[in-house]
Amino acid sequence: MGLENEYGISSAQNTDPITLSNRIVFAYAKHVYPESNIRWDYDVESPLRDARGFDMSRADADSSQLTDEDQVIPNLVLPNGARFYVDHAHPEFSAPEVLIPLDITKWDLAGEQIMKIAVTLDAKEFPEDKIRVFKNNVDNKGSSYGTHENYQMKRSTNFTKIVAGLTPHFITRQIYCGAGRIGIGQESENNGYQISQRADYIEAHVGLETTMKRPIINTRDEPHADPKVSRRLHVIIGDANMSDFANILKVGSTALIISMIEDGFVDFEEVNLMNPVGVVKEISQDLDFKNNYENNRGKNFSAIDVQEWYLEKSKAYLAQQGYDDNSRQVIDFWEQALSGLRSNKEDLADRIDWIAKLSLIEKYRAKNGLSLEDDLIKSLDFKYSEITAEDGIAQVLKRNRLLKEYLHPMEVQSAISEPPEDTRAWFRGKSVSKFSKSIAAASWDSLIFDIDKNQSLFRISTTDPLKGTKPLTGEIISQSDTALDLVDSIRKYPEVY
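The sequence shown maps to residues 56 to 552 in my numbering.
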């Protein structure tokens with residue numbers, strides 16, 4: 056699994072966001088690779104392949120969907136195995152592949168720190184145009200940018216079962232992983248506070264698009280692995296979380312449900328709600344969970360009811376399959392969230408973003424006699440997710456232990472430069488770190504070495520996410536003094552990658 060965040064960006068002089076995004080990625084590039092230029096390997100990209108069994112034609116695609124075209128933008132593969140680049144006028148940090156929800160959060164937090172470093176480096180060159188970066192999903196002017204989750208799945212799983220099993224989850228899980236937002240409608244044309252930042256931008260049930268007509272279930276079929284064995288479920292409906300608790304629960308619950316779908320453990324028809332696109336928006340505006348939604352059989356469920364149904368099925372599944380520490384944590388968090396939402400949601404202000412933000416807003420309003428439309432209150436909405444200022448509200452809450460953390464700062468600090476040890480991200484990260492001058496290009500599932508200018512480039516295909524790990528390749532990399540040594544070892548021991 057992996058997480059991608061497109062960050063909001065602005066500056067003191069209101070410089071256009073494309074320029075700002077380029078500036079900070081270039082600044083970080085000079086920091087980590089002062090003498091190298093590793094390009095992204097676009098040859099393995101297939102953004103128009105649809106999981107329903109067809110390819111969208113390039114003529115019919117929006118330009119924003121053509122992510123396989125080599126663009127003149129900064130595009131880094133980092134020593135920690137992540138990708139840091141400019142995507143549609145936003146700086147994006149795509150975290151390396153990991154196996155457990157806690158590691159999702161660790162490298163996501165490392166991405167926040169990398170953004171901070173990049174902005175600090177940029178400020179040395181442009182001191183008069185200080186950049187601000189926000190981990191959010193809306194600008195309240197009509198634009199939305201994504202926080203995308205990625206899950207590896209078995210190719211043999213029928214896609215219609217994926218849609219049936221995940222649609223009710225995706226439209227209701229916002230009650231514990233929504234980021235909160237002032238404004239109703241894509242351009243905040245109506246007043247009010249809502250649970251999810253993405254809800255107003257969801258316009259379809261199933262579809263290939265990610266920047267327009269955004270669907271609940273995205274069908275992009277770009278596995279970054281062996282396509283005969285795996286698919287990558289690309290999830291675009293989620294919000295960007297400052298809360299560790301919400302991040303862990305968001306991906307952990309989804310991963311558990313995916314396992315149940317793959318194993319055919321349960322029939323999800325009971326919670327298949329009518330009009331899911333409309334329900335996403337209704338739930339987002341129902342702060343007290345008073346509304347019920349009808350399923351295909353005429354039975355009514357609240358958003359909490361649906362999530363409790365998933366929780367009970369997940370517990371039954373784990374009772375059969377066996378628990379480990381990670382699944383116990385996810386179930387514990389899930390129970391905490393739903394119990395708190397049932398009884399007194401304010402008790403979850405130290406764990407759930409939308410509640411933490413709302414609590415702060417209500418305190419400011421009561422103290423100062425302000426409305427939601429007041430500029431000061433609106434500024435709190437953005438300030439909550441600001442990561443490049445010491446007074447970013449979520450950061451202040453964490454420092455004062457008012458927003459719970461589940462990782463030691465040293466673990467996050469290590470993840471800035473170190474890749475996960477248990478996926479192919481290890482081989483990618485260590486290779487670009489040690490042999491950057493000899494790598495022409497890289498991607499999630501490839502590394503291209505340029506060892507001798509008089510010879511052809513050498514491509515290493517890394518299509519198995521569970522190979523290229525530290526146990527498999529750590530000794531080979533440490534004993535290779537040159538890129539040629541590494542390539543020779545890989546030729547000799549192809550089973551390691």
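Glycine residues also receive a C-beta, built at the ideal position from the N, C-alpha and C atoms.
Query	Result
Alpha-carbon spacing of Gly201 relative to Val487, whole angstroms	27 angstroms
Identified DSSP bridge partners for Leu328	Asn350
Residue range of the beta strand (DSSP E) that includes Phe148	His145 to Ser149
Length of the line joining the Cα atoms of Leu244 and Asn92	Leu is not the amino acid found at residue 244; the sequence shown has Glu there. Each residue's Cα considered, the two are about 45 angstroms apart.
Rounded C-alpha distance that separates Phe320 from Asp281	25 angstroms
Residues near Pro129 by beta carbon distance below 7 angstroms, same chain, minus five either side	Asn77, Val80, Phe81, Ala84, Tyr140 and Val141
Local conformation of Gly201 per DSSP, three classes	coil
Cut-off 8 angstroms between Cβ atoms - residues of its own chain near Glu124, not counting five sequence neighbours on either side	A caution first: Glu124 carries a pLDDT of 47, below 50, which makes its placement in the model too unreliable to give a value.
Residues that Trp95 bridges to, as DSSP identifies them	Ala497
Of the listed residues Ala234, Arg352 and Thr517, nearest to Leu435 (C-alpha basis)	Ala234
Sequence ranges, beta strand (DSSP E) only - wholly within the region 136-193, length at least 3	138-142, 145-149 and 186-189
Unbroken beta strand (DSSP E) run spanning Ser65, endpoints	Gly63 to Ser66
Range of the contiguous alpha helix (DSSP H) that encloses Lys258	The amino acid occupying residue 258 in the given sequence is Glu; Lys does not appear at that position. Counting along the chain, Glu258 falls outside any alpha helix (DSSP H), though it belongs to the beta strand (DSSP E) covering Ile257 to Gly262.
Burial state of Gln68, where buried means 16 or more other Cβ atoms lie within 10 Å	exposed
Residue of Asp318, Phe300 and Lys522 minimising C-alpha distance to Glu550	Lys522
Beta-carbon separation (whole angstroms), Ala301 vs Tyr231, contact threshold 8 angstroms	6 angstroms
Beta carbon of Gly293 nearer than 8 angstroms to that of Val153	no
Residues near Ser285 by beta carbon distance below 6 angstroms, same chain, minus five either side	Gln207, Arg210 and Pro278
Cβ neighbour criterion (16 or more within 10 Å) applied to Lys354	exposed
Whole-Å CB distance - Asp505 paired with Ala495, under 8 angstroms assumed	4 angstroms
Bridge-paired residues (DSSP) for Glu90	DSSP output for Glu90 lists no bridge partner at all.
Residues near Arg228 in its chain [Cβ-Cβ closer than 7 angstroms; skip 5 each side]	Lys305, Ser308 and Gln362
Gly424 - DSSP class collapsed to helix/strand/coil	coil
DSSP state of Asp536 mapped onto helix, strand, coil	coil
Residue closest to Pro156, alpha-carbon to alpha-carbon, out of Leu413, Leu366, Ser516 and Asn381	Asn381
Chain C contact for Thr274 (CB, 8 angstroms cutoff)	Protein chains in the displayed structure number just one, and chain C is not present.
Same chain, Cβ closer than 6 angstroms to Ser118, five either side skipped, listed in chain order	Note that Ser118 scores 47 on pLDDT, short of 50, meaning its location in the model is unreliable and no value can be drawn from it.
Beta-carbon contacts of Lys400 that lie in its chain and below 6 angstroms, excluding the five residues immediately before and after	Ile410
Burial state of Gln510, where buried means 16 or more other Cβ atoms lie within 10 Å	exposed
Extent of the continuous beta strand (DSSP E) to which Ser285 belongs	Ser285 to Val290
Rounded Cβ spacing between Ala470 and Lys161 (contact assumed at less than 8 angstroms)	5 angstroms
Burial state of Pro464 (16 or more Cβ within 10 Å)	exposed
Simplified DSSP assignment, three categories, for Lys268	coil
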